[in-house]
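Residue numbers 30 to 321, in the numbering used here, belong to the letters of the sequence shown in order.
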Amino acid sequence: MLAVKNLVSKSTIYRHSTMLMGTRFEITVVGENPGWATERINDAIFEINRVDKLLSTFGDDSIVNQVNRNAGVAPVKVNGELFRLIDRSLQIAELTYGTFDITYSAGQKTVAGVSYKDVVLNAAEQTVFLIQEGMRISFAANSKGYAADRAKFVLQMSGVSSGVINAGGDMIAWGTQPDSEPWTVAAADPEQADKPYAQLNISNQALATSVNVDAVNTKKNITAISNKGFALSAIKSVTIVSPTAELADAMAAPVISIGVNAGLYLINRLNQVACVIVDDHDRVYTSKSITL
Numbered sequence: 030m031l032a033v034k035n036l037v038s039k040s041t042i043y044r045h046s047t048m049l050m051g052t053r054f055e056i057t058v059v060g061e062n063p064g065w066a067t068e069r070i071n072d073a074i075f076e077i078n079r080v081d082k083l084l085s086t087f088g089d090d091s092i093v094n095q096v097n098r099n100a101g102v103a104p105v106k107v108n109g110e111l112f113r114l115i116d117r118s119l120q121i122a123e124l125t126y127g128t129f130d131i132t133y134s135a136g137q138k139t140v141a142g143v144s145y146k147d148v149v150l151n152a153a154e155q156t157v158f159l160i161q162e163g164m165r166i167s168f169a170a171n172s173k174g175y176a177a178d179r180a181k182f183v184l185q186m187s188g189v190s191s192g193v194i195n196a197g198g199d200m201i202a203w204g205t206q207p208d209s210e211p212w213t214v215a216a217a218d219p220e221q222a223d224k225p226y227a228q229l230n231i232s233n234q235a236l237a238t239s240v241n242v243d244a245v246n247t248k249k250n251i252t253a254i255s256n257k258g259f260a261l262s263a264i265k266s267v268t269i270v271s272p273t274a275e276l277a278d279a280m281a282a283p284v285i286s287i288g289v290n291a292g293l294y295l296i297n298r299l300n301q302v303a304c305v306i307v308d309d310h311d312r313v314y315t316s317k318s319i320t321l
């Protein structure tokens, strides 16, 4: 565990980095006692592992696996936590015109037209039913964010008034640094200090970045052609700022899919959500609520 002491305040930044859910999580808490900090960090790790198991598709006792096995057969009763996560996921899918979608077709059988609209929720019975045989659900696109939110909640409930959960670059921060300054992207993750939004204030907010690998790895100008005949710039990366890491995590990739103008229009319609878009010419675009 890394400890960074503030010379003015008695508080210290305690950081611990470990591999969880297939990615590197860095858990940061501000406190005055290293033993207490270690206990709190272990609490966060335990919660992240709990979420990982909840959303896993492996093992006969996996609830998600049971839902998938019963696709086209019968509704499956799930616990309240998973039901609410699926419900929110379907709402985000609707909001993003289906570009975010937790459904897919699996195995040798290709299911035509599978989408989030084929998931039926029964709130009274708390059941989930996948209408088409061979369809599946997965939380690969928002599980890290949800785990970070849950880790933050557990830490706050155990008395951590300031900290950061960094899930492979997707972050949620609360409180302030020991010098009472707000958390910025660079303070929460020094490796992102060269980003155009490095000094963006993320205290009590979450941030997630999605990178368009094709736009980054090629020298060619990856463009689409508009219906008026002119080239549209491809998006290289999108950073979403929102109240929860789950929402930020889920919204980042869809904005890449729908493009700069449509992405900005979508984000500007949402309360407490903002974005920074970098295109394949390194031009930076921001939603109306961000000034860099």
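For every residue, glycine included, the Cβ atom is placed at its ideal position computed from N, Cα and C.
Quick caveat: nothing in here was measured; it's all calculated off a predicted structure.
Residue of the options minimising C-alpha distance to residue i
| i | options | result |
| --- | --- | --- |
| T86 | I77, W65 and R98 | R98 |
| T41 | I160, N78 and G192 | G192 |
| S266 | I77, L299, N290 and D311 | D311 |
| N241 | A227, A263 and L299 | A263 |
| E154 | N108, D243 and D278 | N108 |
| G126 | A222, V302, W212 and S286 | Reading the sequence as shown, one finds Tyr at residue 126 and not Gly. Comparing Cα-Cα distances from Y126 to each of A222, V302, W212 and S286, the minimum goes to S286. |
| Q185 | K317, F54 and V58 | V58 |
Between the CA atoms of residue j and residue i - distance to the nearest angstrom
| i | j | result |
| --- | --- | --- |
| I296 | A170 | 18 Å |
| T156 | W203 | 34 Å |
| Y133 | G142 | 9 Å |
| S232 | T205 | 7 Å |
| N71 | V183 | 11 Å |
| F158 | E110 | 16 Å |
| I56 | V270 | 19 Å |
| I67 | E275 | Ile is not the amino acid found at residue 67; the sequence shown has Thr there. So the two alpha carbons sit approximately 25 Å from each other. |
| I194 | P104 | 35 Å |
For residue i, the three-state DSSP class (helix, strand or coil)
| i | result |
| --- | --- |
| V143 | coil |
| Y175 | helix |
| R53 | strand |
| D89 | coil |
| T205 | strand |
| T320 | coil |
| R117 | helix |
| L184 | helix |
Cβ neighbours of residue i in the same chain (closer than 8 Å, five flanking residues each side left out)
| i | result |
| --- | --- |
| D130 | A122, S144 and Y145 |
beta-carbon residue i near the ligand ZN non-hydrogen atom, thresh 8 Å
| i | result |
| --- | --- |
| Q206 | Of ligands this structure carries none, so the ligand ZN is not represented either. |
Cβ neighbours of residue i in the same chain (closer than 6 Å, five flanking residues each side left out)
| i | result |
| --- | --- |
| V313 | P225 and V307 |
| M280 | I269 |
| V96 | V105 and V157 |
Own chain residues within Cβ distance below 7 Å of residue i, not counting five before or after
| i | result |
| --- | --- |
| M50 | I77, D81, S172, K173 and A176 |
| S187 | R69 and D72 |
| K39 | E61 |
Residues bridged to residue i [DSSP beta-bridge criterion]
| i | result |
| --- | --- |
| H45 | I56 |
| D199 | A196 |
| N230 | T213 |
| T67 | The partner list for T67 (beta bridge, DSSP) is empty, contrary to what the question assumes. |
| L150 | V157 |
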